[in-house]
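A.B. asks: Quick one: this structure, given as C-alpha cells, is what I'll be asking you about.
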Amino acid sequence: MNYEEIKRHFENNPPPKEVEWTPWAKITDTQVFLRSCYIGIRNFNGPADRCPAWWHLRDFYILMKKTALQPSGGQTNQETLSEENPLQTASETENV
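Sequential numbering from 7 applies to the sequence shown in the working numbering.
This is the structure:
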C-alpha cells in the first residue's frame, strides 16, 4: 500500500479522535497526526521507504486495521502490540 491509498482509506474511514498507540505514545488528535504525516511525506527528499513520516503513517494504518478486525471484548491494543513485538522481553509482557 502506498501513501495515496492510505490517505484515501483514512478519508473514507476516519480513525477515532484519540488513540493510545502504546503506553508512552498517545495521539490526542488523529487528524493532526495524519496531516503531519502527509506533509512530512510530501516534503521528504529521498526514497519513501527512508521517510520517518511514511513509517509512522504505515504503522498507524496497520494498528487501525487490526483494531477494526479485533472482536469487541477481545484483547486490548496494548496486548496485541505486545504479541507482535518479538523484541519485548517476557518480563515486560507480564507487566502489561
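Beta carbons: idealized from backbone N, C-alpha and C, even for Gly.
Predicted model only: the values in this text are computed from it and were never measured.
1. Distance check for VAL38 and ASN49, CA to CA, integer angstroms please.
2. Tell me where the beta strand (DSSP E) around LYS32 begins and ends.
3. Determine the DSSP secondary structure at GLU26, reduced to helix, strand or coil.
4. Between the C-alpha atoms of ASP35 and THR73, what's the straight-line distance to the nearest angstrom?
5. Reducing DSSP to helix, strand and coil, say where GLN76 ends up.
6. Alpha carbon to alpha carbon, what distance is there between ILE68 and PRO21?
C.D. replies: Looking at the coordinates:
1. 16 Å
2. 31-33
3. strand
4. 17 Å
5. coil
6. 12 Å
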